[in-house]
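Comments concern the structure below.
Number of protein chains: 2
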Amino acid sequence: MNIILASTSTLFSEQYLVYLKSEIIVLFKGVDEIIFIPFARPGGISHDNYTKKAAEFFASININVKGLHEFEDKATAISNAKGFFTGGGNTFLLVKTLHELSLMNVLKTTIEKGTPYLGCSAGSNIGGINMKTTNDMPIVYPPSFDCMGLVPFNINPHYLDPQPELHHNGETRETRILEFLTQNDIKVVGLREGNWIRRIGDQITVEGTQPTRIFERGKMPYEIAPQSSL
Amino acid sequence: MNIILASTSTLFSEQYLVYLKSEIIVLFKGVDEIIFIPFARPGGISHDNYTKKAAEFFASININVKGLHEFEDKATAISNAKGFFTGGGNTFLLVKTLHELSLMNVLKTTIEKGTPYLGCSAGSNIGGINMKTTNDMPIVYPPSFDCMGLVPFNINPHYLDPQPELHHNGETRETRILEFLTQNDIKVVGLREGNWIRRIGDQITVEGTQPTRIFERGKMPYEIAPQSSL
């Protein structure tokens, strides 16, 4: 496998995907065209407009982008693709669409054979075992929460430390993930913005600028440094 | 109907339910015992311990509390109850449990006949049409997102204004609710902490100390003052 699962597409005050540019060039080395999966539709943007946004970035590294929604036979398009990028947005919408079109499994098996994959935010959630550690609002009802399991754990993108100065009684992110662990025995990687997971073959590491917070049943949450194995 | 759907159980630096005490006394006037629904299990607390927490508060206003989990025949217990309180926690866990035990509908019809109901946070979400505007993490997979529809709209409890100083690229609450409206034509009441919805018969108002933010498809979000009709 050859994949990047990033916490976010965009760092504060930066342009789309720019902080990941050198990594993306390495990921897609020798690839001149990828399929973009626009189904998470952030802010309700159309599939066409979201694909244009991705295409603008990839033009800067000489990679052509086609939206998966443009293909009549999407499963064959996935099988034949040279690379994938799944953008962020709403994970419920993304997972519902992939399951309803019966694409989750063909995407998984194609990536497992070595086709490079980039996911950001919701696109990273679907690389985990299931989507039960997304931050997104359940605006639609997917037929299943199961995802691709490209890594043997779940991801919490945009991981956010407690903000006690807010004086707000909604649950902190840590509280939510600990609640998840009461119902599921699955490791959760709390991926702060600016960090990403890199899998090359069987080697899985966390990369980026910040430590990463790990949650496991029966253990206190703990931090690991950039470049640590997962 | 005679119900309160509150944004939160606890205000910052206050004790459990204290800010709502005078309202709760009015809601449960003439009632000496209520059923507490502990299924949302905040932080993974046990049903027994969560029920004790509620019972301690209600003892201060001379109301006895029994946990719904204590009854063998829960549907009959609901039908015969003199009042209900559903505490906060994880809405997915609450809704899954109510649907799997086939209790959502009997609870709805009993409340619609006039049995008083207090909900906080997740307990307020289930008073809406569906749970698609919860803030909670989908730690379990409910068989349906449908709720009781005690009011003709959805609720977003713990409504939080954008926090631009966070420099964080996760979606704001407003962005999430606007995404909901791209997929659903249902009014959403963004209930800030300290506010609650009061329904007496057919009259529905929003109460509390802060304005309330309303989201409707095709309109700009707008604010209404305390005591406004909904």
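Residue numbers (the working numbering), protein chains in the order written: chain A, 1 to 230; chain B, 1001 to 1230. Note that the Cβ used here is the ideal one computed from N, Cα and C, for glycine as well. Just so we're clear, the structure is a prediction, and the values are computed from it rather than from any experiment.
Pull up the CB-CB distance for residue i and residue j, whole angstroms please, since I reckon it's below 8 Å.
{"i": "G1083 of chain B", "j": "P1042 of chain B", "result": "Going by Cβ atoms, the distance from G1083 of chain B to P1042 of chain B rounds to 21 Å, so no, they are not a contact pair."}
{"i": "M1220 of chain B", "j": "I1111 of chain B", "result": "Not confirmed; about 33 Å, so no contact."}
{"i": "L1107 of chain B", "j": "L1094 of chain B", "result": "With a Cβ gap of about 11 Å, L1107 of chain B and L1094 of chain B do not count as contacting."}
{"i": "E193 of chain A", "j": "P211 of chain A", "result": "Not confirmed; about 13 Å, so no contact."}
{"i": "L1178 of chain B", "j": "G44 of chain A", "result": "7 Å"}
{"i": "A40 of chain A", "j": "N90 of chain A", "result": "5 Å"}
{"i": "H1158 of chain B", "j": "T1008 of chain B", "result": "6 Å"}
{"i": "F1180 of chain B", "j": "I139 of chain A", "result": "4 Å"}
{"i": "G1004 of chain B", "j": "E1033 of chain B", "result": "Checking the sequence shown, residue 1004 of chain B turns out to be Ile, not Gly. Not confirmed; about 18 Å, so no contact."}
{"i": "F71 of chain A", "j": "Y1141 of chain B", "result": "With 8 Å as the limit, F71 of chain A and Y1141 of chain B do not qualify as a contact, their Cβ atoms being about 29 Å apart."}
{"i": "N1135 of chain B", "j": "G170 of chain A", "result": "6 Å"}
{"i": "L1137 of chain B", "j": "R176 of chain A", "result": "First, the amino acid is wrong: residue 1137 of chain B is Met here, not Leu. 4 Å between Cβ atoms; contact."}
{"i": "N154 of chain A", "j": "T133 of chain A", "result": "4 Å"}
{"i": "F57 of chain A", "j": "L17 of chain A", "result": "5 Å"}
{"i": "V151 of chain A", "j": "R199 of chain A", "result": "6 Å"}
Return helix, strand or coil for residue i, following the three-state DSSP convention.
{"i": "L11 of chain A", "result": "coil"}
{"i": "P42 of chain A", "result": "helix"}
{"i": "T1209 of chain B", "result": "coil"}
{"i": "D94 of chain A", "result": "Residue 94 of chain A is actually Leu in this sequence, not Asp. Helix at L94 of chain A."}
{"i": "D146 of chain A", "result": "strand"}
{"i": "N2 of chain A", "result": "strand"}
{"i": "T1076 of chain B", "result": "helix"}
{"i": "P157 of chain A", "result": "strand"}
{"i": "I126 of chain A", "result": "coil"}
{"i": "F71 of chain A", "result": "coil"}
{"i": "E238 of chain A", "result": "Coverage of chain A is limited to positions 1 through 230, which leaves residue 238 of chain A absent and any answer about it impossible."}
{"i": "Q1227 of chain B", "result": "coil"}
{"i": "Y1234 of chain B", "result": "The structure shown does not extend to residue 1234 of chain B, since chain B is modelled only from 1001 through 1230, so no value can be given for it."}
{"i": "V106 of chain A", "result": "helix"}
{"i": "L1191 of chain B", "result": "strand"}
{"i": "L1118 of chain B", "result": "strand"}
{"i": "E33 of chain A", "result": "strand"}
{"i": "Q203 of chain A", "result": "strand"}
{"i": "V1065 of chain B", "result": "strand"}
{"i": "R217 of chain A", "result": "coil"}
{"i": "T86 of chain A", "result": "strand"}
{"i": "I1025 of chain B", "result": "helix"}
{"i": "I1186 of chain B", "result": "coil"}
{"i": "I272 of chain A", "result": "Outside the modelled stretch of chain A, which goes from 1 to 230, sits residue 272 of chain A, for which no answer is possible."}
{"i": "I139 of chain A", "result": "coil"}
Just the chain B side, please: which residues come within less than 9 Å of residue i by C-beta, in chain order?
{"i": "G44 of chain A", "result": "L1178, E1179, L1181, T1182, Q1183"}
Along chain A, which residues have their Cβ under 9 Å away from the Cβ of residue i?
{"i": "K1113 of chain B", "result": "By Cβ distance, chain A contributes nothing, its closest Cβ being about 29 Å from K1113 of chain B, past 9 Å."}
Please list the partners that residue i has in chain A, where partner means a Cβ-to-Cβ separation under 7 Å.
{"i": "T1140 of chain B", "result": "Reading the sequence as shown, one finds Val at residue 1140 of chain B and not Thr. Near V1140 of chain B (Cβ distances below 7 Å), the residues of chain A are Q183."}
{"i": "G1170 of chain B", "result": "N135, H158, L160"}
{"i": "T1175 of chain B", "result": "G43"}
{"i": "E1023 of chain B", "result": "The premise fails here: E1023 of chain B is roughly 18 Å from chain A at the closest Cβ pair, so nothing lies under 7 Å."}
Ordered along the chain, which non-local residues of its own chain (more than five positions away) have a Cβ less than 6 Å from that of residue i?
{"i": "C1147 of chain B", "result": "I1126, G1128, N1130, M1131"}
{"i": "T51 of chain A", "result": "F36, P38, G67"}
{"i": "S60 of chain A", "result": "none"}
{"i": "G208 of chain A", "result": "G194, N195, W196, P226"}
{"i": "T86 of chain A", "result": "I37, G119, G123"}
{"i": "A1075 of chain B", "result": "V1106"}
{"i": "G149 of chain A", "result": "I129"}
{"i": "K1096 of chain B", "result": "V1140, P1142"}
{"i": "E14 of chain A", "result": "none"}
List, in chain order, every chain B residue whose beta-carbon is nearer than 7 Å to that of residue i.
{"i": "E216 of chain A", "result": "The contacting residues do not exist; E216 of chain A stays about 15 Å from chain B at best."}
{"i": "H167 of chain A", "result": "F1012"}
{"i": "N90 of chain A", "result": "E1179"}
{"i": "F145 of chain A", "result": "P1138, Y1141"}
Going along chain B in order, which residues have a C-beta closer than 8 Å to the C-beta of residue i?
{"i": "M131 of chain A", "result": "P1138"}
So, at 7 Å on beta carbons, what are the nonlocal neighbours of residue i in its own chain, with the 5 sequence-adjacent residues on each side left out?
{"i": "R213 of chain A", "result": "Y159, G190, P221, E223"}
{"i": "E1216 of chain B", "result": "K1187"}
{"i": "H69 of chain A", "result": "P38, H47"}
{"i": "A1077 of chain B", "result": "I1035, L1068, F1071"}
{"i": "L1011 of chain B", "result": "Y1019, E1193, G1194"}
{"i": "D1202 of chain B", "result": "none"}
{"i": "V65 of chain A", "result": "I34, F36, T51, A54, A55, F58"}
{"i": "E1100 of chain B", "result": "P1143"}
Whose C-beta lies closer than 8 Å to the C-beta of residue i among residues of the same chain, with five residues either side of it excluded?
{"i": "D185 of chain A", "result": "R217"}
{"i": "I25 of chain A", "result": "I61"}
{"i": "S1276 of chain B", "result": "Examination of residue 1276 of chain B is not possible in this model, given that chain B is present from 1001 through 1230 alone."}
{"i": "R173 of chain A", "result": "N135, N156, Y159, L160, D161, P162, G190"}
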